[in-house]
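Following the working numbering, the numbering of the sequence shown begins with 10 at its first residue and continues without gaps. Just so it is clear, CB atoms sit at the ideal spot from N, CA and C, and this is done for glycine as well.
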Amino acid sequence: MSQTSTGIHAESRHWTVPDVLVAGLDLQPLSTQPRLIPDGPAPSRLDGRWITEGYPLGEMLGTSAADRINATGGDPTGWISDAAARCLKAANPRLRSGVSLSMLIVAGERALHPMESRASAVEQGRPCWSDLVRDIWPRLRGETVLIIVTADTKKRIWQDAELGPLGSRTPVLRYDRAAAESRVLRIDWPELIDTLDEIEPIYDRGFTKRQIEAGLLSSSAAKQQNGVVWTVAAERRLSAIRQRESFSLALTFAQHSPEESDQ
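Following this line, the structure appears as structure tokens:
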């Protein structure tokens, strides 16, 4: 079995979140070597893997209380694996490592850093979520993926992420800035695409995302522009899908069609 330059077996089926981040972001080893754990094997605090060598978690954290609570829940004791230590150190936003960005990583492959805005994504040579969501299905069905969606690059949330197969219960870690909390959503990928397919044509018709979320009939201007019959029918379709787990994510990802954007 071959090894990658990060020391992680690319063909291994036993991935952890730190493993996928290290391989996907090419996170380099720390300047100090892992230490043998005096009392024998111990669980790595941030990924659960049993390890015989690693780093004391407390030594890897910043001095601020926010750093310690964000990464450990306030308990900085125990040991962490080499991969987890690399992630923890690389999560400093000043290092621009990508750990704090939105991402989609297929286990063993390089990370993609999608953006919500298609125009901004094109400018930076990155994918936009609306296009990527459709592009990977069904091509990557069943592949182990790590997906994080965040607009706050100062928050360390990677340790809350989960791995899982792309499919009917795909884990997606989403940071909600308004609620100041992260949560793992269980996303049915075909349903996410279907939800996007419902939302985006309505978005193209002049309704705002807030109106799509709360109700189309509140917008007199857009209702007049599109006609009452069309608006009522569109609102009926939205009412049937607003309770989907994928709805808020699709609304975040939704973009105007390229034809509309060019006008």
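Discussion item. Out of Ser111, Gln37, Lys218 and Asp144, which one is the CA nearest neighbour of Ala99?
Written reply: Distance check between Ala99 and each of Ser111, Gln37, Lys218 and Asp144 places Gln37 closest, using alpha-carbon atoms only.
Discussion item. Just to check my reading of the structure: Arg119 and Leu39 have Cβ atoms closer than 8 Å, yes? What is that Cβ distance to the nearest angstrom?
Written reply: The beta-carbon distance between Arg119 and Leu39, rounded to whole angstroms, is 21 Å. This is too long to meet the 8 Å contact definition.
Item to complete: Let me know if Leu45 comes out buried or exposed under the rule of 16 or more other beta-carbons within 10 Å of its beta-carbon.
Response: Label assigned to Leu45: exposed.
Worksheet item: From what residue to what residue does the beta strand (DSSP E) around Ile145 run?
Response: Here Ile145 belongs to no beta strand (DSSP E), and DSSP marks it neither H nor E.
Discussion item. With a threshold of 7 Å on Cβ separation, who are the neighbours of Thr69 within its own chain once the five nearest residues in sequence on each side are excluded?
Written reply: The amino acid at residue 69 is misidentified as Thr; the sequence shows Met. Taken in chain order, the residues that qualify are Ile89, Ala94, Leu97 and Lys98.
Worksheet item: Can you tell me whether Val26 is buried or exposed, with buried defined as 16 or more other CB within 10 angstroms of its CB?
Response: Flag for Val26 reads buried.
Worksheet item: Taking contact to mean at least 3 C-beta pairs separated by less than 8 Å, is the region 174 to 182 in contact with the region 135 to 155?
Response: With a cut-off of 8 Å, the region 135 to 155 and the region 174 to 182 count as touching, because enough Cβ pairs lie within range.
Practice prompt. Can you say whether Ala130 is buried or exposed, counting buried as having 16 or more other CB atoms within 10 angstroms of its CB?
Written response: Ala130 is buried by the Cβ-count criterion.
Worksheet item: According to DSSP, is Thr159 helix, strand or coil?
Response: Here Thr159 sits in coil by DSSP.
Worksheet item: Do Val115 and Ile156 come within 8 Å of each other at the CB atom, strictly closer than that value?
Response: Contact: no.
Worksheet entry | 8 Å Cβ cutoff met for Leu205 and Ser139 | Taking C-beta atoms as the reference points, Leu205 and Ser139 count as a pair closer than 8 Å.
Worksheet entry | According to DSSP, residues forming a beta bridge with Ala51 | Answer by DSSP bridge pairing, in chain order: Ile60.
Discussion item. Spatial neighbours of His265 within its chain, please: C-beta separation below 7 Å, excluding the five flanking residues on both sides.
Written reply: In the same chain as His265, and ignoring 5 residues on each side of it, the C-beta atoms closer than 7 Å to its own belong to Tyr212 and Asp213, in chain order.
Fill in: Contact set for Gly67: own chain, Cβ-Cβ below 6 Å, skip 5 residues either direction
Contacts found: Pro85.
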